[in-house]
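Undergrad:
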Amino acid sequence: MQQDWNIKSRSEVCELTGRPFAEGETFYTVLFMDGEGFRRIDLCEEAWKSRSEDPAAEPVFSSWRSKFEPPAPPPPEPLQRDDAEGMLRRLIESNDPVHTNTRYLLAVMLERKRVLRPQPSPDKGTLIYERAGTGETFIVTDPGLSLSDLAAVQEEVTALLSGLTAPAEPVAESESTSASPSEEA
Numbered sequence: 299m300q301q302d303w304n305i306k307s308r309s310e311v312c313e314l315t316g317r318p319f320a321e322g323e324t325f326y327t328v329l330f331m332d333g334e335g336f337r338r339i340d341l342c343e344e345a346w347k348s349r350s351e352d353p354a355a356e357p358v359f360s361s362w363r364s365k366f367e368p369p370a371p372p373p374p375e376p377l378q379r380d381d382a383e384g385m386l387r388r389l390i391e392s393n394d395p396v397h398t399n400t401r402y403l404l405a406v407m408l409e410r411k412r413v414l415r416p417q418p419s420p421d422k423g424t425l426i427y428e429r430a431g432t433g434e435t436f437i438v439t440d441p442g443l444s445l446s447d448l449a450a451v452q453e454e455v456t457a458l459l460s461g462l463t464a465p466a467e468p469v470a471e472s473e474s475t476s477a478s479p480s481e482e483a
């Protein structure tokens, strides 16, 4: 399934009322699936209740409740560094199908570090994450990797994170039996 891989930021105001969220206020994030991909809106509790009571409301793909935390000003970064989150953002924005496995592995790594929080998804092939602190939504395809695929993807991620190589096509399983010049050294 081809999807739009944009990162959706948390809003600071309710989509329906236009009222800014207060620090610590409960709000609801709602994802819709339409012809363009995913669309995110954030609603205050009153707007969520009125929407859920409306029988003509648009069907929801996924939703969850959060506490509003105002975004902290970004600290100045003296040097650009390539970390797992930065790489995931770039690979999501590039939407290159070659990097589906890499996006998945980076998202799982960030989930284990509690940088990304999993959110409900009715589609088994789609993972939805919310970025802790900023509330940004990351949408990643679950490629259904097997254990035999994992080693090659881990090597690719390690190489990308260490800056040894630019993002390139991962090694296919059929190529793993033939030795490349770099493997012979």
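Anchor point for the sequence shown: position 119 equals 417 in the working numbering, and the numbering is continuous, going up by one each time.
Glycine residues also receive a C-beta, built at the ideal position from the N, C-alpha and C atoms.
Since we're looking at a predicted model, the values are computed, not measured.
Output the boundary residues of the alpha helix (DSSP H) element that contains V358.
TA: Taken as a continuous stretch (DSSP letters only), V358 belongs to no alpha helix (DSSP H), as it is neither H nor E.
Undergrad: Smallest Cα separation from T398: which of K365, R415, I437, A370?
TA: When each option's Cα is compared against that of T398, the closest is I437.
Undergrad: Can the beta-carbon of D283 be found less than 7 Å from the beta-carbon of S361?
TA: Only positions 299 to 483 of the chain appear in this structure, which leaves residue 283 out of reach.
Undergrad: Using 8 Å for Cβ pairs, my map puts I426 next to L314. What's the rounded Cβ distance?
TA: At roughly 22 Å, the Cβ-Cβ gap does not stay under 8 Å, so I426 and L314 are not in contact.
Undergrad: Round the Cβ separation of T324 and E343 to the nearest angstrom and send it over; I've been treating them as touching at under 8 Å.
TA: Going by Cβ atoms, the distance from T324 to E343 rounds to 6 Å, so yes, they are a contact pair.
Undergrad: Out of L389, G442, L459, E356, which has the shortest C-alpha to C-alpha gap to D332?
TA: Out of L389, G442, L459, E356, E356 has the C-alpha closest to the C-alpha of D332.
Undergrad: Among residues of its own chain, excluding the 5 on either side of K306, which ones have a beta-carbon nearer than 6 Å to its beta-carbon?
TA: Only R338, T435 meet the Cβ criterion.
Undergrad: Looking only at C-alpha atoms, which of F359, D421, T400, R410 sits nearest to A450?
TA: Nearest C-alpha to A450: T400.
Undergrad: Using three-state DSSP, classify I390 as helix, strand or coil.
TA: In the structure shown, I390 sits in a helix (DSSP, three-state: H, G or I).
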